[in-house]
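Residues in the first sequence are numbered from 9 upward in steps of one, following our numbering.
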Amino acid sequence: MRFTKGFFPTVKEVPADAVIASHQLMIRAGLMRPLGAGIYSFFPLGYAVMKKVMQIIREEMDAIGGQEFHLPALNPVELWEETDRVKAFGDIMFHLKNRALVLAPTHEEIITSIARNHIKSYKEMPQIWYQIQTKFRNEPRPKSGVLRGRQFTMKDAYSMDSTWDGLDVSYNAHAEAYRKIYTRCGLKFFIVGASSGAMGGSGSQEFMVESNAGEDTVALCDACSYAANVEVAASAIAKASRTENSKPVEEIHTPNIKSIDELSEFLKIQTSQCAKSLVYFCGETPVLIFMLGNDQMNEAKLQGVLGGDVRPAHPEELLALTGADAGSIGPIGLKAKMKIIADNRLEGANGLYSGANKNDYHVGNIDFNRDVAVESYHDLRIVEGGEPCPDCGKELRIVKGIEVGHIFKLGTKYSVSMKANFLDEKGAEQPIIMGSYGIGHYLGQNSRSVRCSSHLRQRQRGIGRKKVGRAVRCTMCEGSYGAV
RNA sequence: CGGGGCGUAGCUCAGCCCGGUUAGAGCGCUUGCCUUGGGCGCAAGAGGCCGCAGGUUCGAAUCCUGUCGCCCCGACCA
């Protein structure tokens, strides 16, 4: 068909409700249009790009032995009740009003139900099943165009193995296939370790693309391959120093000194000679936390250490527990007995300054070994850009990333709850060992890959009609984007 | 779900605070002319029940209430 006959409705003006570049460009170039919040119609040009991406995905999935399915999006609720995920998803899952049906946000349950009906022997595994399909998630807040929508296209794959080694093989095969897929799509990606969250299982990795439109913040090392979500990222930053001899503690009058900066300024000391105190509650239990200097505490890490939801103490609680207001709290002279934990950087440190638990007073020469009943030391800090990489020591960068893929070792979570068992070599019944692999799973989608491509391909001038034509062709040519 | 913003021509917006004749602009669209090799120029024209529903008023796009929708921040994100 002639290009001039094509339906490519372009717009000159930047759409009022599109904020990020990719969203604006995809609309302006006529790739798609919104139908409602988080719902998009893909027009021929946009669908052409999407189809090319799907083609690449199919080729790489087939190459690792994947078999393509087409599963229903309309699912009986009962299936989801078997794994208790009706509750787990809550409002995120769409429920039909006039039937006991839900719109599938992912397909572990369906796959597992098929597996339990048909896979009876270890001889029938491994299996890799995948599909490219429309998913539905009732996002409380769709945003950034196609980045987070209520209906989207996703490739989801599932592996079924009879052994844990087999799971590793399937998992690694997917990781490799994903590398090829993103590379062929022309995306510069990096891989971060992730928590498997409520998906369950023993491990997972996220494939991410650097973008300031991203929703995740990642500490990234360009020298080695270290990459970790800031929620879990660590750095090889030095600990606080320890001198040969500890001097006796001394109380210092520090009128109106609250912050670490004010304290170091007032006492003419380094911020790294100060211990910052924070009080959090984990449930009903107050916990006193020490950080070195101006280090920021990472609530996600604290939560991991304490094993529950945490919240900062209120001002009145601070006063009751310590005898002072925020800014004057410290390890010595506490009013109430509290669990005390501290950041690793403070382990064994001495000569430190902290609050005296008395407003307008601080205490100096604190020795954490001698004066503070620290229950345990943990990595509790938020990694900052420029700190040394924990693996290679080079500088870390803090970047925003878009999750374009997520792979999980599910293990037996679904096979156990849904009783998907097989007979092993000895004739013993075992639950199937599963993996789940999404491009890009919860936050991702094929359409997001399109989005990323558009985003990365944009130039100062934006993408005009001719450029879009070429962009699409280039997408079709598997990542020869340099030519655009 | 909490906070903020916005809903006026296909698009981007003005008008609304200080209610009052046929509601405007640019771009787009249609027609004609011009030009006849590139987001051209000139002229004419179509197109809006001012998101929807109530209310206040002699009179509402303009004020009030409700409602729906959309966007942003936050919470959430399997």
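Every residue, glycine too, gets a C-beta built ideally from N, C-alpha and C.
Which same chain residues, not among the five before or five after residue i, have their C-beta less than 6 Å away from its C-beta?
i: R467; result: Residue placement at R467 is poorly supported in this model, since its pLDDT is 36, which falls under 50; the coordinates are not used for a value here.
i: K247; result: R353
i: A428; result: T120, A123, R124, I440
i: C460; result: Residue placement at C460 is poorly supported in this model, since its pLDDT is 43, which falls under 50; the coordinates still yield a value, given next. Excluding sequence neighbours, C460 sits near L195, V217.
i: K309; result: L388
i: S336; result: G363, N367
i: G174; result: P134
i: I140; result: M62, K163
i: E395; result: S243, I245, L404
i: R41; result: S49
i: M299; result: K284, M305, D351
From which residue to which residue does the alpha helix (DSSP H) around residue i run?
i: L33; result: 29 to 36
i: F97; result: 93 to 97
i: L87; result: 85 to 90
i: Y422; result: 421 to 425
i: K59; result: 52 to 71
i: L310; result: 307 to 314
By the 10 Å Cβ neighbour count, where 16 or more other Cβ atoms means buried, how is residue i classified, buried or exposed?
i: L314; result: buried
i: V19; result: exposed
i: F15; result: exposed
i: V27; result: exposed
i: L326; result: buried
i: K60; result: buried
i: L228; result: buried
i: G316; result: exposed
i: H182; result: buried
i: A37; result: buried
i: G435; result: exposed
i: K128; result: exposed
i: E252; result: exposed
i: P17; result: exposed
i: T330; result: buried
i: G393; result: exposed
Less than 8 Å between C-beta atoms, sequence neighbours within five positions excluded: which residues of the same chain meet that for residue i?
i: R456; result: The predicted model places R456 with a pLDDT of 44, which falls under 50 and marks its position as unreliable, so this point remains unresolved.
i: M69; result: E76, I136, Y138, K163, A165, A185
i: P323; result: D333, A334
i: P80; result: A112, I118
Using only CA atoms, which one of the options lies nearest to residue i?
i: F102; options: M305, Q32, S233, E147; result: E147
i: K347; options: A308, V287, R149, F51; result: V287
i: A283; options: A328, K345, E355, G316; result: E355
i: F144; options: G157, M133, S152, Y138; result: G157
i: S219; options: G331, L104, S30; result: S30
i: Y234; options: F430, E403, H414, I47; result: E403
i: N358; options: N365, F376, I415, D92; result: F376
i: L109; options: P84, E132, I64; result: P84
i: I35; options: E86, N106, S152; result: S152
i: R93; options: T251, F430, M426, C397; result: M426
i: Q281; options: P23, W172, S249, V240; result: S249
i: Y130; options: G446, E89, S444, D432; result: D432
i: Y361; options: Q311, N373, I297, A436; result: N373
i: T171; options: P42, G419, K343; result: G419
i: I406; options: T191, A236, I100, M305; result: A236
i: V391; options: K421, D25, D303, H115; result: D303
i: Y385; options: N365, E67, D351; result: D351
So, under 8 Å CB-CB, residue i and residue j are touching, yes? Tell me the CB distance rounded to an integer number of Å.
i: S254; j: R378; result: 6 Å
i: I72; j: I136; result: 6 Å
i: F50; j: M58; result: 6 Å
i: C232; j: C400; result: 4 Å
i: I340; j: V371; result: 5 Å
Along the chain, where does the beta strand (DSSP E) containing residue i start, and where does it finish?
i: Y445; result: 441 to 447
i: K493; result: This structure cannot settle anything about residue 493, because the visible part of the chain is limited to 9 through 492.
i: Q159; result: 159 to 169
i: A227; result: 224 to 229
i: E258; result: 258 to 261
i: H370; result: 369 to 374
i: K347; result: 347 to 351
i: F430; result: 429 to 431
i: N237; result: 235 to 237
i: H386; result: 384 to 386
i: T114; result: From DSSP, T114 is part of no beta strand (DSSP E); its letter is neither H nor E.
i: Q213; result: 211 to 218
i: P294; result: 293 to 300
By Cβ distance below 7 Å, which residues in the same chain neighbour residue i in space, the five residues on each side in sequence not counted?
i: F274; result: T262, I265
i: K276; result: none
i: E383; result: K347, I348, I349
i: D25; result: none
i: G490; result: The predicted model places G490 with a pLDDT of 22, which falls under 50 and marks its position as unreliable; any figure quoted below should be read in that light. Same-chain partners within the cutoff: there are none.
Would the C-beta of residue i count as close to the ligand MN, meaning under 7 Å from any of its heavy atoms?
i: V412; result: Ligands displayed in this structure: none; no statement on the ligand MN is therefore possible.
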